[in-house]
Structures are given as C-alpha cells and as structure tokens.
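Structure first, commentary second.
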Amino acid sequence: MSNVSLRHLAKRYGKVAVVKDVSLEIAEGEFVSLLGPSGCGKTTILRMVAGLIEPSDGAITVGGRDITRLPPNKRNVGLVFQSYALFPHMTVFENVAFGLRRKGESGAALDERVREALALVRLEGYGDRYPRQLSGGQQQRVAMARAIAPRPSVLLFDEPLSNLDAKLRDEMQIELKRLQRDLNITTLFVTHDQAEALSLSDRVCVMNDGVIQQFDTPEEIYHRPATAFVASFIGKPNRLAGTVKDGAVDLGDGLVLQSSGAASLDDGTPVDVFIRQEAVTLSASPDGKGTGLPGTIVLRSFSGAQVQYVVRLGNRFEVVVEVASSGEGANLEQGREVFLTIRPQDTIILRSGTGA
Amino acid sequence: MKSLRTGALLLSPLLFVLLAAFVVPLLLLVPTSFQEYRPGEGIATDVWTLQNFVRIGADEFYREVVLRTIGLGIAVTLSCLLLGYPVAYLIVRGNPRWRLPLTLLVIFPLMLNLVVRSFGWIVLLTNRGVVNNLLIDIGLIDRPLRLMFNMTGLMIGLTHIYLPFMVLMLVAALQNVPRDVESAAATLGSSRFHIFRAVTLPLTAPGIISGSILVFVLTISALVTPRMLGGPTYQVMATLIYDEFMLLLDWPSGSALSFALAIATIFIIWISSRMTKRWAGLA
Amino acid sequence: MNEQRPGLTISSVALLVVLFLQIPVIVVMLASFSETSYLTIPPQGWTLKWFEAVLTDRTYIDAIKNSLILAVGSTTISLVLGVAASYAIFRKLVPGSEALTSLLMAPLIIPSVVIGVALLQYFTLVGMRGSFWVLLIAHVVITVPYIVRSALASLSGIDLAVEEAARVLGANGFTTFRLVTLPLIKPGLVAGALFSFVTSMENVPVTIFLAGPRDTTLPILIFTSVEMGVNPSVAAVSTLLIIATAIVLLAAERWTGFHRFV
C-alpha cells in the first residue's frame with residue numbers, strides 16, 4: 001500500500017509561512033497535481049515529501065509509514081527535477097543504475113532492470129551516452145528512467161516539462177501519462193501549467209499562498225471552481241461584476257445575465273460571474289427570445305483553430321469570446337453589432353470577496 | 357542540529373592547524389615587538405618599549421628601506437600594468453587561435469620555481485652576465501654596467517616575476533567587457549583610440565585596480581628576488597626582517613617591522629576589496 | 640564594421656613582452672649546457688657535465704627528495720583538510736561562512752616572510768624548531784588557501800539538485816559526496832593541487848626559517864648557493880626544474896584545461 005497522506009503540513013522560514021496547514025490524502029496509484037502560481041508553496045510540499053526540506057509542523061506518511069523525519073535516502077521516493085539533475089560525469093546507464101546500486105543491486109539483475117527502465121522511456125541502446133550528448137527531451141526521459149528504476153513507492157515530479165519546447169512538451173505529457181498508468185505508481189506532480197495538470201491528473205490540488213484552494217477532479221475544478229481564485233486561475237474566464245436581481249444578475253447598463261446559480265442568492269447580493277471564453281455563442285441577430293446580450297466587436301484575431309473576439313458590452317465590460325474558426329460566427333468583422341448568448345448553466349457565480 | 361555537528365567535524369581539523377600554526381604564532385609576534393633587544397645579552401623581557409616602532413619612521417636607515425620598498429612597489433606595479441595590458445588585450449581580442457598558446461606562455465613562468473626565475477636574471481644581469489657581455493662585445497660600453505644590487509635589477513626582476521599575475525587579472529577584466537558595447541561606440545563614430553579610452557579602459561578599471569593591488573602587495577612583501585638580485589646590502593623590508601631574525605637576532609625590531617608590513621598589506625587589501633565592491637555595483 | 644582586432648603595434652609590443660617573460664628560462668637552459676662557467680652569447684661549447692655534477696651530488700639529490708616529500712605531503716594533507724572545510728563552508732553547515740573563508744585564505748594575504756618569522760619564534764618557544772613535522776605543517780598552512788580557493792569555486796559551479804538527486808536515489812551524505820560531488824569538482828581540485836604543489840616546491844620565505852640542516856629543500860639550496868656567485872650546476876638543476884614544470888603544465892592543460900582555473 002502506497003497511499004500518501006499529508007497531515008497539517010506547514011513550513012515556515014522565520015515569520016514567513018510558505019505552506020500553511022496543508023492536509024492531503026492521495027490514494028494508491030493515483031496521479032495528483034499540485035497546481036498554482038509560483039511561490040504558492042507547491043514545490044515546498046514536494047520537497048518535504050522527498051525529505052529535502054524539513055517540515056515545521058505536521059506529518060507525512062507513505063503506505064501508513066511515518067516518514068516525516070527520515071532522511072531522503074531512506075524514503076524510497078523517486079524525484080524528477082525541473083533541471084533533470086542528471087549526473088553529468090556518468091553515462092546514461094550509470095545514471096539509471098545509481099539508485100539500484102544503492103539498494104545493493106548488481107550484476108545481471110542490475111543490467112536487466114536498467115534495460116527495463118530505459119525501454120520504458122524508449123531509450124534502448126542509449127546506455128553508453130553521456131547526458132550532454134542527449135537532447136533535452138532525451139535527458140528528460142533519462143531522468144524519468146532513473147527515478148522509476150528503483151521502483152519507488154511514490155513518484156514526485158517538480159515541473160519536469162517546463163524546460164521543453166511546446167511540441168515536445170505535448171508528446172512528453174502523453175508519454176508520462178502512459179508510463180504512470182502502466183506502472184501504477186502513486187504520483188505527485190508539481191506544475192504551474194493548468195493544461196498539463198488537467199490533462200494528466202486524476203485529481204488536481206489548486207494552491208495559492210500556501211493554502212489549498214480546491215482539491216478535486218479536473219472536471220470539477222474546471223466547471224465548478226470552489227473559490228474566485230480557482231475560477232480566475234483555471235481557463236481564461238471573463239469576470240463580470242454585478243448584483244443579484246430576481247434570480248438573474250444585473251450587470252448595469254440594462255444588461256441582465258441569466259445564471260443558474262443566482263436563484264439561490266438573495267436580491268442585492270454583490271456577485272462575480274465568470275464566463276469561459278468558449279462558453280459564449282456569437283450571433284449577428286437576436287435569437288428571438290431576447291436573452292442575447294447586445295455588444296460591439298472591437299477586435300478580431302485569428303489563431304488557427306480558433307478566432308478570438310473582444311466584444312464591448314455596455315460601458316463597463318469587455319468580454320473575450322473564442323469560437324472555432326471553421327464554425328458559425330467566425331467571420332464577423334470589427335465594429336459590428338452582435339448578440340452574445342450564454343447558457344445559464346455555463347456561468348460560474350460567486351459572491352464578491354470570496355478571495356482573489 | 358545534525359548539520360552543525362557534521363560541519364564542525366569537517367572544519368575543525370583545518371581550523372586547529374591554522375590556529376596552532378598560523379594565528380597564535382602571528383599573535384605572539386605582537387608582544388615581542390614591544391620588547392627590547394640588547395646586543396650581546398639578548399631580548400629583555402622585563403621592559404616594554406615603543407622604540408622598535410618609532411625607529412621604523414625615525415631612523416634614517418629604516419626610513420630609507422621602507423621608502424625604497426614602497427617606491428619599488430609603485431614602480432613595479434606601473435611597469436607590470438604598462439607591459440601587461442597589451443598582452444592581455446592580445447590574448448582576449450587577438451586571433452582566437454593564439455589565445456591558448458599565449459595564455460600558457462604567460463602561466464608557464466608563473467608555475468616555474470621563483471628561485472629559478474631569479475637565478476635566470478642573475479645570469480643575465482651580473483657584472484660578467486649575458487647582458488654586459490653582449491653590450492661589451494658589440495662595443496656599446498667598455499666596462500660592465502651595474503645592473504644588480506640596485507633599483508634597476510630589482511625592478512627588472514620583480515616586474516618579470518609579477519607580470520603574469522597582472523596579465524591574468526587584466527584578461528579576466530577584458531573578458532567581461534561586452535563586445536557589443538565597443539561596437540556600439542564604433543557605430544556612434546568613435547575612433548579606435550577613443551573606444552579604448554572611453555569604453556574599454558573604464559570598464560576594465562576594477563581589474564586594473566585589483567591587479568595593481570595584487571602586484572603591489574606581492575612586491576612589498578617579496579623576499580627571494582630582492583635578496584638574490586639585491587644582495588645583502590641593498591635592503592627592502594622583507595630582506596631586513598630576514599636579517600634581523602637570522603643574522604642580527606634582533607627579534608623585537610624584526611617583529612615590529614613584520615607587524616608593520618603585515619598591517620600595511622592587510623589594510624591595502626581591505627581598502628581595495630571595499631573599492632572593488634563599490635565599483636562592481638557601477639560596472 | 641568588422642570585429643576589432645588589436646593593431647600591429649599592440650600585437651608586436653605584446654609579443655615582445657611575452658618573449659621577455661621567457662628570457663630567463665632560455666638563458667638558464669643555455670647556461671646549463673655551456674662549457675664556460677659564465678654564459679656568453681653565443682654559448683661556447685656544449686656539455687652535459689653540469690647535469691652529471693648535479694645528479695651525482697648527494698646534496699642536490701637529498702634536497703630534491705626533501706622538496707618532493709614536502710610538496711606531496713603538504714598537498715595531500717591540504718587536499719583532505721581543505722576540501723572537507725570548503726564543503727562545510729559551501730553547504731553552510733556552520734554559521735559565519737564569510738569569516739571562515741577569510742581565515743582560511745589569510746595565509747595568502749600575510750607576507751610569507753612574516754609567517755616565516757612568526758613560526759620561527761613560535762616553534763623555538765615550544766622547542767620544536769628544526770623538526771620535519773613542523774616544516775610539513777607550515778607548508779600545509781601556506782598551501783591550503785589554493786585548495787580552498789579552487790574547491791569553493793568548483794563547488795559553486797555544481798547544480799545542487801544533482802546532490803539532491805543522489806540523496807533521493809538512496810545515497811547517504813558521504814556516498815553522495817564520494818560518487819557525485821567529488822568527481823564533479825575534481826578538475827578544479829587538480830588545478831588547486833598543482834598550485835599547492837608548486838607553492839610548496841618553490842617556497843623559501845617560510846622554509847628557510849624552519850628547515851633543519853638535514854631538511855634543506857631545493858629552492859633553499861639554490862637560494863643560498865647563488866650568494867657564492869653564479870654556479871653552472873645551479874643552471875643545470877634549474878633546467879631540470881624548467882623541463883619538469885613544462886611537462887606538468889602541458890599535462891595538466893591536456894587533462895583538465897588547466898588555464899581555465901588560473
């Protein structure tokens with residue numbers, strides 16, 4: 001059993017608290033991402049699990065075993081660094097063999113397990129090379145092979161893909177997911193890239209300022225953010241401020257937005273409404289039911305698969321709308337009057353002042 | 357803390373050696389420097405006197421030695437700077453294929469035994485040495501020139517000894533001057549000389565300062581070359597300290613002189629490190 | 640606007656200065672092969688007799704042996720003590736790393752002759768003057784700054800994550816140092832050790848105050864014998880040193896790219 005649990009974990013440097021009372025339960029074989037802006041404490045948590053930073057408070061257990069005060073070499077975790085941290089003076093083989101040798105592995109058994117690990121990351125035959133002779137992506141894979149070779153009970157990733165270019169990053173994401181699923185190792189993945197976190201993880205833990213904002217599945221995080229921070233951090237939402245009136249949101253200037261969450265709120269409650277760019281439909285004429293919001297296109301920009309519009313609503317708001325470039329409403333010119341349709345269930349409504 | 361214990365364990369052997377065979381011996385020079393040496397009797401431990409320090413400034417012989425040492429330091433520093441800058445410039449800005457051989461030719465004398473280098477200059481500069489023989493053979497002079505046991509000999513020898521240090525310092529400084537800045541000055545219409553004066557020279561000033569300080573400090577504390585090329589009569593501070601300890605047995609006076617020399621070098625290095633720190637903020 | 644290259648004047652001046660740096664070397668080598676006891680240009684007659692004189696002279700052989708023992712011994716001790724101390728300072732295992740570094744580097748700043756007389760007085764007081772061990776410890780003091788300097792510089796070039804990676808992979812602190820840190824700082828340490836060796840090999844100002852009559856080193860021997868005038872066997876032994884230095888320098892350059900560490 002290699003479930004990981006963090007209980008009331010905290011890290012303070014003098015008076016500065018980097019991680020404040022974080023509790024987290026990760027099931028065996030689960031892939032969990034720690035997602036947040038830089039300085040949110042996610043890397044500190046990872047390094048505490050690895051044993052590279054000593055927690056000020058709290059406990060870490062892996063498979064029921066308390067490892068809070070163990071040195072890193074006694075924890076049996078695998079860590080993939082942002083800089084890869086390959087041993088530059090050792091061959092790929094020796095890099096991957098390093099952890100195995102520390103466990104007393106040698107001879108044919110060692111050879112076999114190194115070969116196995118290199119095969120998993122599709123680097124068979126690279127054993128004699130030195131890290132400097134490899135591309136960034138290959139170095140990344142050696143780092144992964146090195147981490148998984150000793151069969152750790154937990155795999156830790158510290159922004160492992162951030163040094164790769166966009167195309168390679170997408171490839172590695174798929175490979176990483178496949179690898180983790182095949183090996184079924186409990187994984188904690190630190191990233192500031194939300195797309196990466198959402199696509200890889202079973203559950204995502206969004207953090208800000210040393211505190212967990214929301215810990216849930218990617219779908220829940222995306223569609224039902226618990227706090228304004230999560231709502232604004234995930235995706236590229238438009239944020240509109242208004243007040244609740246008769247089960248809808250009054251945005252001023254005569255604009256009224258239907259929102260399914262508004263019914264449960266009292267009239268006059270100040271709220272923020274978050275609307276994702278792709279949740280908006282644009283049409284050149286009103287839909288007849290009179291629910292479309294009238295606006296003016298101020299800017300149009302084409303980016304391949306999508307077209308983005310900046311639409312002016314009344315005097316206070318500018319909304320960014322993204323539509324598929326092959327679909328309807330992709331060829332509206334600048335300056336044109338349009339109508340925006342947003343399904344009430346696609347709006348995210350939060351009381352003003354619930355953080356961020 | 358566990359790390360503190362490991363750290364203490366790693367540091368203590370060396371700290372012990374330095375304390376026992378460096379710090380304490382140096383501190384023990386201090387009381388000696390305030391004692392009195394009586395010729396024929398030895399060191400009087402019951403008297404405390406400032407005489408040893410007063411003498412360095414007041415006695416004509418001592419004053420001459422101190423001033424000579426300082427003058428030598430300044431002269432050697434300036435000649436190292438003048439000779440070293442072109443070499444450093446050629447190494448950094450010249451044909452890249454020459455860089456390694458030139459650097460090695462500069463390092464080589466530095467790695468070579470100091471006594472051997474000084475001996476080479478004796479072979480060259482002595483009365484019947486290479487230089488005098490050559491000048492007499494081609495008929496430029498009738499009698500040998502006096503090239504040793506005076507300022508000339510020490511200047512030549514010490515410049516040769518410390519020139520590599522200056523070159524290496526200047527190389528480091530020149531490498532830090534971005535080529536783009538020089539190119540920018542050129543596109544703005546500067547002549548080559550003007551680029552050098554207005555851009556390169558000011559940007560290498562920290563290197564010039566630290567190189568000069570290094571050469572100056574090494575020169576004023578040099579013992580081997582001044583003794584080998586200056587002989588027992590043409591004294592500088594270091595050779596005088598040597599004689600007072602080894603020949604005259606006037607340890608109090610030698611201690612005072614040692615103390616003065618050590619304080620001077622520490623002070624100069626302290627000042628210069630403060631200066632370069634301030635410069636580093638500007639450059 | 641082409642790349643600015645130094646002009647002809649600067650280049651010629653620079654090359655002359657580099658030549659000036661080699662002059663004593665050339666002269667010493669010529670003198671060691673010359674028949675006459677005073678070198679003339681061009682040299683008159685070639686001979687190897689001065690080399691023979693050196694290599695059959697017990698005084699020289701003993702001095703060379705003493706110098707080598709001292710240089711190898713002090714460099715080895717300095718390496719062990721200096722690397723350990725540098726590592727503790729670099730990893731900030733103890734407070735006051737800046738002050739500690741200054742202390743370890745101090746023997747470079749204090750004039751050697753002052754260190755020499757201080758040790759002379761001190762070891763006379765404690766009654767150990769003339770002992771070979773005293774000489775060895777004194778050489779550790781003057782060579783250790785070179786080791787500390789190169790160790791600290793090399794350590795600061797290592798990605799700390801590499802050490803952490805080794806720790807996470809199951810290596811304890813010492814194994815990490817042995818298998819990862821040490822191999823990575825080795826080129827710098829080789830350069831530092833070479834400096835340390837050379838410093839010990841050529842030291843006069845400290846050695847001359849401490850060496851007992853049986854511990855005379857080669858530089859002391861040359862230093863004292865030239866007071867009697869120019870002696871061609873000094874030129875011969877110097878030539879041997881020049882050749883040894885050149886070989887070591889070129890070897891070090893080949894193995895570690897030595898000039899980067901100077």
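Protein chains in written order, with my numbering: chain A, 1 to 356; chain B, 357 to 639; chain C, 640 to 901.
Note that beta-carbon positions come from the ideal geometry of N, C-alpha and C, so glycine has one too.
Which same chain residues end up closer than 6 Å to residue i when comparing Cβ atoms and leaving out the 5 residues on each side of it in sequence?
i, result
"residue 690(C)", "875"
"residue 443(B)", "523"
"residue 357(A)", "Only positions 1 to 356 of chain A appear in the structure, and residue 357(A) is not among them; the question remains open."
"residue 783(C)", "717 and 721"
Tell me whether residue i sits in a helix, a strand or coil according to DSSP, three-state version.
i, result
"residue 213(A)", "strand"
"residue 20(A)", "strand"
"residue 295(A)", "strand"
"residue 701(C)", "helix"
"residue 85(A)", "coil"
"residue 508(B)", "helix"
"residue 822(C)", "helix"
"residue 599(B)", "helix"
"residue 65(A)", "strand"
"residue 626(B)", "helix"
"residue 322(A)", "strand"
"residue 115(A)", "helix"
"residue 125(A)", "coil"
If I measure Cβ to Cβ from residue i and keep anything under 8 Å in the same chain, skipping five residues before and after, which residues do I get?
i, result
"residue 589(B)", "505"
"residue 385(B)", "611, 614 and 615"
"residue 628(B)", "565, 566 and 569"
"residue 83(A)", "163"
"residue 356(A)", "In this prediction, residue 356(A) has a pLDDT of 45, which is less than 50 and means its spatial position is unreliable; what the coordinates show is noted afterwards. Only 208, 227, 228, 229, 232 and 233 meet the Cβ criterion."
"residue 641(C)", "For residue 641(C), the pLDDT reaches just 46, beneath the cut-off of 50, and the residue's location in the model is therefore unreliable, although a value from the coordinates is still provided. So the list is empty, once near-sequence residues are dropped."
"residue 357(B)", "With a pLDDT of 49 at residue 357(B), under the threshold of 50, the modelled position of this residue cannot be trusted; read the value that follows with caution. Excluding sequence neighbours, residue 357(B) sits near nothing in its chain."
Spatial neighbours of residue i within its chain, please: C-beta separation below 7 Å, excluding the five flanking residues on both sides.
i, result
"residue 639(B)", "Reliability of the predicted coordinates at residue 639(B) is poor, the pLDDT of 44 falling under 50, and the value obtained from them is presented with this limitation in mind. Result list for residue 639(B): 559 and 562, in chain order."
"residue 294(A)", "337 and 339"
"residue 801(C)", "819"
"residue 625(B)", "569 and 573"
"residue 596(B)", "421 and 613"
"residue 775(C)", "709, 712 and 713"
"residue 859(C)", "843, 846, 847 and 850"
Less than 7 Å between CB atoms is the rule here; does residue i satisfy it with respect to chain C?
i, result
"residue 184(A)", "no"
"residue 102(A)", "yes"
"residue 581(B)", "no"
"residue 313(B)", "This structure cannot speak to residue 313(B), because chain B is shown only from 357 to 639."
"residue 93(A)", "no"
"residue 443(B)", "yes"
"residue 83(A)", "yes"
"residue 467(B)", "yes"
"residue 223(A)", "no"
State yes or no: is the beta carbon of residue i nearer than 7 Å to at least one beta carbon in chain B?
i, result
"residue 815(C)", "no"
"residue 862(C)", "yes"
"residue 740(C)", "no"
"residue 832(C)", "no"
Below 8 Å on the Cβ atoms is my guess for residue i versus residue j; work out the distance and round it to an integer in Å.
i, j, result
"residue 753(C)", "residue 529(B)", "Not confirmed; about 29 Å, so no contact."
"residue 155(A)", "residue 142(A)", "Wrong, their Cβ atoms sit about 15 Å apart, outside the cutoff."
"residue 244(A)", "residue 271(A)", "6 Å"
"residue 103(A)", "residue 809(C)", "6 Å"
"residue 431(B)", "residue 511(B)", "6 Å"
"residue 481(B)", "residue 503(B)", "4 Å"
Checking contacts by CB at 7 Å: is residue i closer than that to chain A?
i, result
"residue 769(C)", "no"
"residue 790(C)", "no"
"residue 829(C)", "no"
"residue 634(C)", "Nothing about residue 634(C) can be reported from this structure: the residues present for chain C run from 640 to 901 only."
"residue 793(C)", "no"
Cβ of residue i versus every heavy atom of the ligand ATP: is any distance shorter than 6 Å?
i, result
"residue 464(B)", "Looking at this structure, you won't find the ligand ATP or any other ligand, since it has none at all."
Please determine if the region 307 to 317 of chain A and the region 250 to 266 of chain A are in contact, where contact requires at least 3 C-beta pairs separated by less than 8 Å.
At 8 Å Cβ cutoff, the stretches touch.
Should the region 10 to 19 of chain A be regarded as contacting the region 47 to 61 of chain A, the criterion being three or more beta carbon pairs within less than 8 Å?
Yes: the two stretches touch, three or more of their Cβ pairs being nearer than 8 Å.
Segment contact flag, the region 167 to 176 of chain A with the region 63 to 75 of chain A, C-beta cutoff 8 Å, min 3 pairs
Segments in contact, no.
Are the region 691 to 701 of chain C and the region 819 to 828 of chain C in contact at 8 Å, needing three or more beta carbon pairs?
Between the region 691 to 701 of chain C and the region 819 to 828 of chain C, the count of C-beta pairs closer than 8 Å stays below three; the two stretches do not touch.
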